[in-house]
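The structure under discussion appears below in the form of structure tokens.
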Amino acid sequence: MPCALQTCLNKGLRKPRCQSVISSPIVAFRVPGESSLEISGLSKSFDGLKAVDSLSLEVRKGEIYGFLGPNGAGKTTTIKMVLGLTYPDGGRVLIDGKDLSQEPHEIKRRIGFMPERVAFYNNLTALQNLEFYARLKGRREEALLDLLDSVGLKDSVHQKVGTFSKGMVQLLGVAQAMMGHPALLILDEPTIGLDPNWTRVVKDRVKEANASGASVFFSSHILSEVQELADRVGILNKGGLLAQDTVENLGSRLDIKPRLRISFDGKPAAAEQALRSLDGIEAIEFREGELVVVSEPGTRTSVLSELEKAGIHVRDFRTEEASLEEVFLRYTTSAAESIR
Ligand SMILES: Nc1ncnc2c1ncn2[C@@H]1O[C@H](COP(=O)(O)OP(=O)(O)OP(=O)(O)O)[C@@H](O)[C@H]1O
Ligand SMILES: [Mg+2]
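Dropping the structure here:
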């Protein structure tokens, strides 16, 4: 495992982003343009409703791709078409450069899939359910007990799934998707309904799978989770892709300025007065006892020195980049339609 990546995982930090992953062996050996999943012109209508409308996107090898969109945007329909569970009206899906319809069994064996609505045989135990799926995937000896342990179900391996809580079923779904170390993981809202502890477990498993070389395509409504995990995101609305890039690039394309959050000793009015005439300042706010300055990138030093000059002692400061929430809201609200 690459050192930088291992350090990130150990510290629970985000994986280095596109610029910095160049040093990671996983990406360094990637043939330029090689995709794990390539969707082009994919369309599907239900009774005249265009659920997916000429959608094109690409998940590069070794990346985690967050698939976002409001309810009903067409995410699940897209995922079902990728897996051959729903026939498209048009378009093409390539997995590892191959058409699913040409080699369905071989390709599906390399995909780990967790559906939006996870379902298992209630009268079988967790282990028996996984053994069943392992046979379906043509695998005999799997380290299934270790896998169940890794998602926190160690004490429930011999318990019937019918007695599981909703969250436990969800965790079993994650384990099922991870079986056999798939090259491509497709997860439709993998942490829905999980408490923060189990959410962390799932995110860690996804990061580990990715660090071992798996590409990941996952949908989620939990934007902080997507921002933490995803190298790139695609934002879907009414079946079409509004944008696809890193969160940072989407933020700068929308001209969302970084925020400087400053904790200080002094009067808020004096702090505001000190900054009011400074060039490049867009907004000055006070939140939770902190001074929040929205300004052009590169104004940080002058903001801090103006405050000190005015006799305001800066105790601490940090920069907040564009959040995925801001990006998502700007793209998916009607006011942002003109950005397209
Ligand atoms: N089998 C179906 N028959 C008719 N309409 C369908 C069918 N499946 C999906 N749709 C419609 O297609 C649209 C897209 O649905 P889809 O489930 O793909 O959205 P989604 O982005 O996954 O939403 P969510 O975030 O709520 O899961 C919705 O309007 C939905 O009602
Ligand atoms: Mg869905």
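Residue numbers (the numbering used here): 65 to 404.
Every residue, glycine too, gets a C-beta built ideally from N, C-alpha and C.
None of these values were measured; they are calculated from a predicted model.
- Distance CB(Ile175)-CB(Ala247) smaller than 9 Å: The answer is yes: Cβ separation under 9 Å.
- Roughly how many angstroms separate the alpha carbons of Ala278 and Lys271, rounded to a whole number? Straight-line measurement puts the Cα of Lys271 at about 9 Å from the Cα of Ala278.
- Query: Among Ser220, Gly298, Val367, Ile376, which residue has its Cα nearest to the Cα of Ala137?
  - Reply: Distance from the Cα of Ala137 is smallest, within the candidate group Ser220, Gly298, Val367, Ile376, for Gly298.
- Message: For ligand 2, is there any heavy atom lying closer than 8 Å to the beta carbon of Thr140?
- Response: Yes, ligand 2 has a heavy atom inside 8 Å of this Cβ.
- Query: So the beta strand (DSSP E) Asp210 belongs to, where does it begin and stop?
  - Reply: Segment 208-214 is the alpha helix (DSSP H) holding Asp210; no beta strand (DSSP E) there.
- Buried versus exposed, by CB contacts within 10 Å (16 or more), Phe184: The residue in question, Phe184, is buried, as its Cβ has 16 or more Cβ neighbours within 10 Å.
- Task: Report the residue from Leu287, Val215, Tyr129 whose alpha carbon sits nearest the alpha carbon of Phe392.
- Result: Of Leu287, Val215, Tyr129, the residue nearest in Cα terms is Leu287.
- Does the stretch 96-111 come close enough to the stretch 147-155 to have 3 or more Cβ pairs within less than 8 Å? Look at the beta carbons and you see the stretch 96-111 touching the stretch 147-155: at least three pairs across the two are nearer than 8 Å.
- First and last residue of the alpha helix (DSSP H) that includes Gln192? In the DSSP assignment, Gln192 falls within the unbroken alpha helix (DSSP H) covering 190-200.
- Message: Rounding to the nearest angstrom, what Cα-Cα distance links Ala241 and Val225 in this structure?
- Response: Distance from the CA atom of Ala241 to the CA atom of Val225, rounded to whole angstroms, is 16 Å.
- Contact set for Ser214: own chain, Cβ-Cβ below 7 Å, skip 5 residues either direction: Take Ser214, set aside five residues on each side of it, and the residues of its chain with a beta-carbon closer than 7 Å to its own are Arg269, in chain order.
- Item | 7 Å CB neighbourhood of Gly133 in its chain, flanking five on each side removed | The answer, listed in chain order, is Lys139, Ile299, Leu300, Asn301.
- Query: Which term fits Ala190, buried or exposed, when burial requires 16 or more other beta carbons within 10 angstroms of its beta carbon?
  - Reply: Note on Ala190: 16 or more other CB atoms within 10 angstroms of its CB, so buried under the neighbour-count rule.
- Query: Around the Cβ of Phe350, are there at least 16 other Cβ atoms within 10 angstroms (buried) or fewer (exposed)?
  - Reply: Answer is exposed; the Cβ neighbour count stays below 16.
- Task: List the residues that DSSP assigns as beta-bridge partners of Phe282.
- Result: Looking at the DSSP output, Phe282 bridges to Gly130, Leu251.
- Item | Gly161 classed as buried or exposed, judged by whether at least 16 other C-beta atoms fall within 10 angstroms | That one is exposed.
- Item | Cut-off 8 Å between Cβ atoms - residues of its own chain near Tyr395, not counting five sequence neighbours on either side | These residues qualify, in order along the chain: Ile299, Asn301, Leu306, Ala307, Leu314, Leu318, Ile403.
- Query: Given Val357, which residues of its chain have a CB within under 6 Å of its CB, disregarding the five upstream and five downstream residues?
  - Reply: Closer than 6 Å at the Cβ level, and outside the excluded window around Val357, lie Leu324, Ile348, Val367.
- For Asp252, is the beta carbon positioned less than 8 Å from some heavy atom of ligand 2? Relative to ligand 2, the beta carbon of Asp252 is positioned inside 8 Å of a heavy atom.
- Item | Ranges of the beta strand (DSSP E) found wholly within the stretch 328-365, counting only runs of at least 3 | Counting whole runs of 3 or more residues, the stretch 328-365 contains the beta strand (DSSP E) stretches 345-351, 354-359.
- Message: Can you tell me whether Leu289 sits near ligand 2, meaning its C-beta is under 8 Å from at least one heavy atom of the ligand?
- Response: In the sequence under discussion, the amino acid at residue 289 is Glu, which differs from the Leu named in the question. No.
- Task: Would you list the residues sitting across from Gln308 in a DSSP beta bridge?
- Result: In the DSSP output, where bridge partners are listed per residue, Gln308 has Gly298.
- Where does Gly277 fall in DSSP's three states? Note: Gly277 maps to coil in three-state DSSP.
- Item | Identity of the residue in Glu122, Ile128, Tyr129, Thr141 nearest Leu113 by Cα | When each option's Cα is compared against that of Leu113, the closest is Thr141.
- Message: Given 8 Å as the limit, tell me if Asn193 has its C-beta closer than that to any heavy atom belonging to ligand 1.
- Response: Distances from the CB of Asn193 to the heavy atoms of ligand 1 are all 8 Å or more.
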